[in-house]
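Presented below is the structure to which this report refers.
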Amino acid sequence: MTDFNLVEWRFERRLDPRPAARIVALAVAAAAAALVCSLLFIAAGASPRAAFAALLQGSFGSLRAAGETLVKATPLIFTGLAACVAFRARIWNIGAEGQVFAGAMFAYWLQHNLTGFPPFVQIPVVIAGGIVGGALYAGLAGVLKTRFSVDEVISTVMLNYIIVYVLSLLLLRGPWSEAGGFFEQTPKVDPDSALPLLFSGSRLHFGFLLAIVTAGLVQMLLTRTPLGYEIKAAGSNIRALEVQGTNTRRLILVVLLVSGALAGLAGITEVYGVHYRLKAGAITGYGYSGIIVAILGQLHPVGVVVASVLFGALLNGATLMQIKTSVPSALIYAIQAILLLFFLAGWAACNFRLRRVARA
Amino acid sequence: MLDALFQAAVLTSVAAATIRISTPLLLASLGELVAERSGVYNMGLEGMMLMGAFTSYLAAYESGSLWLGVLAAGLTGALMALVFAVLVITLKIEQIVTGLAVNLLGAGLSTYWLRSAFAGDGKTPTIPFFADVPVPGLSNIPVLGPILFDQRMLTYIAFLMVPAVWLFLFRTRYGLIVRCAGDNPKALDVKGVRVAPVQYAAVVFGGLMAGLAGAFLSVGQAARFVPDMTNGRGWLAIIIVIAGLWRPYPILVAALVFSFLDALQLQIQGVGIAIPYQFMLMMPYVAAIVALMIRRSRASAPARLGVPYTRE
Amino acid sequence: MSKIPRLSVRHLTKRFAALVANDDISLDVMPGELHCLLGENGAGKSTLSSCLYGLYQPDAGEIRVDGKTVQLRSPGEAIRAGIGMVHQHFVLVPGFTVVENVAVGTGSGWRLGRAEALSRIEAICSTYGISLNPHQFVGDLSVGEQQWVEIVKALYTGARLLILDEPTAVLTPEESRRLFAIVRRLTGEDLSIVLISHKMAEVMQSDQVSVLRKGRLVGTVVTSQVSRDQLTTMMVGRSVAAPTRAGDAKAHGETVLSVRGLTQLRDRRPVLDNASLDIAAGEIVGIAGVSGNGQDELFECLAGLAHPDGGKILLDGETLQAYSPATIAAKGVGYVPSDRFRDGLVADLDIGENLVLGQQWQARWRKGPFIDAAALDANARTAISAYSIAATGPSAPSRKLSGGNAQKVILAREFAKATRLLLCNQPTRGLDIGAIEFVHRQLLRKRDEGCAILLASEELDDLFALSRRIGVMFRGRILAVLDTKKATYDEIGSLMAGHRSEAAA
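Residue numbers (my numbering), protein chains in the order written: chain U, 1353 to 1712; chain E, 31 to 342; chain F, 51 to 555.
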């Protein structure tokens, strides 16, 4: 036996990872993701330096650009919070995508009959419509889970596909289609139903303020209320919660309703804050990005806001990047996924440590 | 006009389309079956399929060989599955979240790559696709011949995989090990068989099959790649495994039912019946939810499905 | 002795962080010897057996098999060294047949080799007098038969040293006798057996006993040369008085719980079969039985977690209908579940939060829409001192609690809840003697307050020490309810094996 065999390196599971290790993991994940991005830039024939510079300039280069970044961040904050509430309870609501649609559609259904009413009537109806629409659609998955034990992962994904066709049905030569229009979209909504802009010269609208306030409310809900207590307990050991007398079916349903309501708000901020008409292109993609945002934000409302602004910047900067370096803006979606994968790996890896051990 | 539907020729063409359309679903769900039997929920199927569809298109376009495209798809699927396996088996990250990340990666990367490979007017060139290969003799049988024996090579492969996977799982030593890993991995561990390599192999096989499924969509059928062209087929394959009670032959039946809905939709559009096409397009997804609602129990699922194995 | 020991352990030490689970342990097991490892829970028996089977790697020391030093880095290496193990919790696949369970992971290549496996299994069974149908699904076998499958599994891999970890914990007395008959045929064929146990009746049948206490080897003795009392003293470190019967409460009052013909079916087979029982206020009624004979189902029906398919439950004379855990708890019923970490505690909640689990909406823990952190804190401080829970404070995380302290948290919560009836399923399982005594005192205190208590335990000592009457469960039935004063251990033991006694009232 040689000396080499007397010691060996072994991966061991840490009992409780320190917070510092988490932050290091996050940084390493971000660096690794940036590296992979650079390789992708090079593969697309662009200099990484120029591409990153264009990204940054496009997202924070001017007050206007920064405002636009926050506009893009707004729906992500809502869908991120939606995932945050559900995932904390280990309820895998993958359906924020569909719930965004449902929120926008329900709000539009209520509001387009109220055209001509003053803003103080229309805007609350729009917000309530987003909340109720999203909640109802998520509630459908909740009923499927609690009454028919259909796994929520699969039902919410299926519902995401279904609602896209429902919207198309309503828009393409359907009751909501624009008269004489060629595209699958509604006519412009009544200006009195639009979410007010916060500053002149920027598209930043009331929805952003609503998102920040909502993040605060969600934080309070999670940490201080009995429902937050139940969410935390359900995420850890839902069986013990049930054994000790909590109606966990109702809890699952309530969590999905809350999660869906949050996602539904993302639908109305896009329709009534940015595009002023309902079309699939205005509301697609935020549900899935919201899940990434929630996980990168460590399922914490403040983290969700930070991650949303980062992703808003990526989405916003990508346009300038495409113009300046001809790197396709579709890269952003790949970057998001890569960031998530590296982050997951880094997070998991800090549960391990490399230890030198003497051989027995 | 409804009469037209029931004419023999139409029925034959619906049946033949059902068989054709079932190819990717069957390939992907048989791969998922093996992965799930080993205890791993591969929810990244959709992304693996999509990347497979893209790389097979790209490889076939660059090389001019469709089979090289198929090979590229298989390798891509396997490689993505390997990454997935490292994350969920070795690092024991939540399988649902990781699967989702893989899906998003597949969607983002394939679109980005497509746009950078075919920059310009945004149109992607079409390539020749696989032709039907009639089985000599058998394809001349009336009715059944054109339905069953006048299909593409990948379709024959997919259908032959059904008995092959059954034989593997229930009649080989390795199949027994895979099933044991899904039902009680500790029973393997205490016999001195390491669980992780078994699950790695099963997951990589699942990824390879998902890649092939993707290849059928692009080089086997559409002759080009369109972003998000899988359109939920990966998820349907997961549902088919559940509806098929984790057994190869019932999975075949479930795959055919879903494909039939899709084939019917194509036929109705062709005949021009006045049902909004969106209704027909959403049918498979509605059917999937209904299938899960009427399913009585989860008793046939591998007992430790989705639970990472740790010794104590 | 001139023979080479089959197993020889030298100075084996295994640490987990700060805890030394095995400290410098040395022992020998000769071929054909039945060697018992005796010790309390947490004495290090399981750690030692895991080291011997390659599941853990010792930090220091040496293991020799037949005189040859071996490195056991995995169960595979242990198997190759000729060591087999029967785990306390069986490691079987219910959906596999006996043959498949035994053969999986053995052999090489693609071939399943079912026929060869079958003939080898039949040969093993006939050699050692084991009766098994190799084609049956393991899920359909009785617990005792599953034990035989585990033994066959180990012998199939060519084990010459067999470790049996608490093999009789789940067996009826009759099955235990059969097990020992098989064990003796094995040792007769020169196999060595290491038996891990804390049941004295079994320990006394062994050839040698090694006693462990707090990770250290107290000593190895020849069984025939020591008495039970001597072994107990070695194991506990002090002499233990035989369990004495606590005096009855001064008076027991009106009937609190009345169970009539309770029946529950699973896969069309009864897991609870026409069970009837009464408990009065201020009375402890014990439930004896080998685990898996319907105790868990009985408690789950009473706690509202499962609904019976027949019969009824009356609480204070009122029939429970369409009830849930919450409605039952609201009637003053506390429930201490048998699996405390699965059913009793939420690991991510702190102690203060766990103490109000299930009561999070009650007005006394709330201030407006929010949880009243101060009220939780005060409640936790009281409980921590009243139940002497070893924790830094109310916000100490629950996931690090030891079994005993976790149980104290649950007792504190459930005792506060139980004004009428307390359901205790295996409250002393896995606890050390100090914690067991604590649980006993608390149960008696609760009884004297006039609470009706249903207490199930696999330890007859618990039942004899505490209960006024003992019901015996077998295959979902309550065979008899005996007056503890008139009952004997033998009588209860024979009822546990399913033999109806004439004396049963």
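Note that beta-carbon positions come from the ideal geometry of N, C-alpha and C, so glycine has one too.
(message) I'd like the ranges of any alpha helix (DSSP H) spanning at least 4 consecutive residues and lying wholly in the stretch 476-523 of chain F.
(response) 483-498, 510-516
(message) One question on the structure: do L1617 of chain U and G1482 of chain U come within less than 8 Å of each other, judged by their Cβ atoms?
(response) Within the first sequence, numbered from 1, the residue matching residue 1617 of chain U stands at position 265. Within the first sequence, numbered from 1, the residue matching residue 1482 of chain U stands at position 130. Yes, the Cβ-Cβ distance between L1617 of chain U and G1482 of chain U is below 8 Å.
(request) Quick one: measure Cβ to Cβ for R1629 of chain U and E1420 of chain U, integer angstroms, because I've assumed they're closer than 8 Å. (result) Numbered from its first residue, the first sequence carries residue 1629 of chain U at position 277. Numbered from its first residue, the first sequence carries residue 1420 of chain U at position 68. Going by Cβ atoms, the distance from R1629 of chain U to E1420 of chain U rounds to 19 Å, so no, they are not a contact pair.
(message) Suppose the cutoff is 7 Å on Cβ atoms and the five residues either side in sequence are ignored; what does the same chain contact list for L197 of chain E look like?
(response) Here residue 197 of chain E refers to the residue found at position 167 of the second sequence. Once the five neighbours on either side are set aside, L197 of chain E has no close Cβ partner at all.
(request) Return no unless some Cβ of chain E is closer than 8 Å to the Cβ of H185 of chain F. (result) Walking along the third sequence from the start, residue 185 of chain F turns up at place 135. Answer no: the Cβ-Cβ gap between H185 of chain F and chain E never drops below 8 Å.
(message) Relative to the C-alpha of S1694 of chain U, which candidate in E:L98, E:L117, E:P155 has its C-alpha closest?
(response) What you label residue 1694 of chain U is simply residue 342 of the first sequence in a count that begins at 1. It should be noted that the sequence gives Phe, not Ser, for residue 1694 of chain U. With distances taken between CA atoms, F1694 of chain U lies nearest to E:L117 out of E:L98, E:L117, E:P155.
(message) Please list, in chain order, the chain E residues whose beta carbon lies closer than 7 Å to that of I1647 of chain U.
(response) Reading the first sequence from its first residue, position 295 is the one you call residue 1647 of chain U. What I1647 of chain U touches in chain E: V127.
(request) Express the C-alpha separation of K417 of chain F and A211 of chain E in angstroms, rounding to a whole number. (result) Your numbering for residue 211 of chain E matches position 181 in the second sequence. Your numbering for residue 417 of chain F matches position 367 in the third sequence. For A211 of chain E and K417 of chain F, the distance between alpha carbons rounds to 50 Å.
(request) Output the boundary residues of the beta strand (DSSP E) element that contains L69 of chain F. (result) Residue numbering aside, residue 69 of chain F sits at position 19 when the third sequence is read from its first letter. Here the beta strand (DSSP E) through L69 of chain F covers 69-79.
(request) State yes or no: is the beta carbon of G1587 of chain U nearer than 8 Å to at least one beta carbon in chain F? (result) Translated into the one-based positions of the first sequence, residue 1587 of chain U becomes position 235. Yes, G1587 of chain U counts as interfacial toward chain F.
(message) Taking beta-carbon pairs under 8 Å, can you tell me which members of the stretch 1648-1680 of chain U lie near chain F?
(response) none
(request) Flag F1500 of chain U as yes if its beta-carbon sits less than 8 Å from any beta-carbon of chain E, otherwise no. (result) Along the first sequence, one-based indexing puts residue 1500 of chain U at 148. Yes, its Cβ sits closer than 8 Å to a Cβ of chain E.
(request) Establish whether the CB of E403 of chain F and some CB of chain U are separated by less than 8 Å. (result) If you number the third sequence from 1, residue 403 of chain F lands on position 353. Yes, E403 of chain F counts as interfacial toward chain U.
(message) Just to check my reading of the structure: S289 of chain E and S52 of chain E have Cβ atoms closer than 8 Å, yes? What is that Cβ distance to the nearest angstrom?
(response) The count along the second sequence starts at 1 and reaches residue 289 of chain E at position 259. The count along the second sequence starts at 1 and reaches residue 52 of chain E at position 22. Confirmed, about 4 Å.
(request) Can you have a look at D258 of chain E and say buried or exposed, based on whether 16 or more other CB atoms are within 10 angstroms of its CB? (result) In the second sequence, residue 258 of chain E corresponds to position 228, counting from 1. It is exposed - the Cβ of D258 of chain E has fewer than 16 other Cβ atoms within 10 Å.
(request) Flag V120 of chain F as yes if its beta-carbon sits less than 8 Å from any beta-carbon of chain U, otherwise no. (result) Within the third sequence, residue 120 of chain F is the residue found at index 70, counting from 1. Answer no: the Cβ-Cβ gap between V120 of chain F and chain U never drops below 8 Å.
(message) Check this for me: beta carbons of P215 of chain E and Y339 of chain E, under 8 Å apart or not?
(response) Taking the first residue of the second sequence as 1, we reach residue 215 of chain E at position 185. Taking the first residue of the second sequence as 1, we reach residue 339 of chain E at position 309. Cβ atoms of P215 of chain E and Y339 of chain E: closer than 8 Å.
(message) For chain U, check one thing: does any of its Cβ atoms lie closer than 8 Å to the Cβ of A149 of chain E?
(response) Taking the second sequence and counting its residues from 1, the one referred to as residue 149 of chain E is at position 119. It does; some Cβ of chain U falls within 8 Å.
(request) Please report how far the alpha carbon of E403 of chain F lies from the alpha carbon of L426 of chain F, in whole angstroms. (result) Taking the third sequence and counting its residues from 1, the one referred to as residue 403 of chain F is at position 353. Taking the third sequence and counting its residues from 1, the one referred to as residue 426 of chain F is at position 376. When rounded, the distance between both Cα atoms is 7 Å.
(message) Please report whether the beta-carbon of R161 of chain F lies at a distance below 8 Å from any beta-carbon of chain E.
(response) Taking the first residue of the third sequence as position 1, residue 161 of chain F is located at position 111. Closer than 8 Å: yes.
(message) For a cutoff of 8 Å on Cβ pairs, would you count G1633 of chain U as touching chain F?
(response) What you label residue 1633 of chain U is simply residue 281 of the first sequence in a count that begins at 1. Not one chain F Cβ lies under 8 Å of G1633 of chain U.
(message) Taking CB distances under 8 Å as the criterion, tell me whether V1606 of chain U reaches chain F.
(response) Within the first sequence, the letter at position 254 stands for residue 1606 of chain U. Cβ-Cβ to chain F under 8 Å: no for V1606 of chain U.
(request) Answer yes or no: does any C-beta atom of chain F fall closer than 8 Å to that of G1568 of chain U? (result) Stepping through the first sequence from its first residue, residue 1568 of chain U is reached at position 216. Not an interface residue.
(message) Within 8 Å of any Cβ in chain F, is that where the Cβ of G241 of chain E sits?
(response) Reading the second sequence from its first residue, position 211 is the one you call residue 241 of chain E. Not a single C-beta of chain F is nearer than 8 Å to the C-beta of G241 of chain E.
(request) Name the residue from F:I171, F:R123, F:E333 whose alpha carbon lies nearest to the alpha carbon of G179 of chain F. (result) Here residue 179 of chain F refers to the residue found at position 129 of the third sequence. When F:I171, F:R123, F:E333 are compared, the shortest CA-CA separation from G179 of chain F is found for F:I171.
(request) Starting from the N-terminal side, write out each stretch of the alpha helix (DSSP H) that is 4 residues or longer and does not extend beyond the stretch 390-456 of chain F. (result) 401-404, 423-436
(message) Below 8 Å on the Cβ atoms is my contact criterion, and I expect A252 of chain E with L291 of chain E to pass it. Report the Cβ-Cβ distance as a whole number of Å.
(response) Locating residue 252 of chain E in the second sequence gives position 222, counting from the first residue. Locating residue 291 of chain E in the second sequence gives position 261, counting from the first residue. Incorrect: roughly 19 Å between the Cβ atoms, too far for contact.
(message) Between L245 of chain F and S76 of chain F, how many whole angstroms is the CB-CB distance? I'm expecting something under 8 Å.
(response) Reading the third sequence from its first residue, position 195 is the one you call residue 245 of chain F. Reading the third sequence from its first residue, position 26 is the one you call residue 76 of chain F. In fact, because the Cβ distance is near 19 Å, the residues do not count as touching under 8 Å.
(request) Below 8 Å CB to CB, which residues in the same chain sit around Q197 of chain F once its five sequence neighbours on both sides are set aside? (result) Position 147 of the third sequence, counting from 1, holds the residue named residue 197 of chain F. The residues are V136, F140, P217, V220, L221, E225, L229.
(request) Counting only the same chain and skipping the five closest in sequence on each side, list residues whose C-beta sits under 8 Å from that of V149 of chain F. (result) Taking the third sequence and counting its residues from 1, one reaches residue 149 of chain F at position 99. If we look at V149 of chain F and ignore the five residues flanking it on each side, its Cβ neighbours are R164, A167, L168, I171, P184, H185.
(request) Just mark F1535 of chain U as buried or exposed, buried being the case when its beta carbon has 16 or more other beta carbons within 10 Å. (result) On the first sequence, position 183 is the one that residue 1535 of chain U refers to. By the beta-carbon neighbour count (other beta carbons within 10 angstroms, threshold 16), F1535 of chain U is exposed.
(request) Indicate whether V1623 of chain U and A1487 of chain U have their beta-carbon atoms separated by less than 8 Å. (result) Residue numbering aside, residue 1623 of chain U sits at position 271 when the first sequence is read from its first letter. Residue numbering aside, residue 1487 of chain U sits at position 135 when the first sequence is read from its first letter. Their beta carbons are not under 8 Å apart, which means V1623 of chain U does not touch A1487 of chain U by this criterion.
(message) Please report the distance separating the alpha-carbon of L84 of chain F from that of S388 of chain F.
(response) Looking up residue 84 of chain F in the third sequence gives position 34. Looking up residue 388 of chain F in the third sequence gives position 338. Spanning the two alpha carbons is a distance of roughly 32 Å.
(request) Using DSSP bridges, identify the partner residues of R316 of chain F. (result) One-based indexing of the third sequence puts residue 316 of chain F at position 266. According to DSSP, which records beta bridges pairwise, R316 of chain F is partnered with F:R319.
(message) With a threshold of 8 Å, are at least 3 pairs of Cβ atoms found where one atom belongs to the stretch 310-325 of chain F and the other to the stretch 344-358 of chain F?
(response) Counting Cβ pairs under 8 Å, three or more are found: they touch.
(message) What residue range does the beta strand (DSSP E) around V120 of chain F cover?
(response) Along the third sequence, read from residue 1 onward, the residue named residue 120 of chain F stands at position 70. Residues 118-120.
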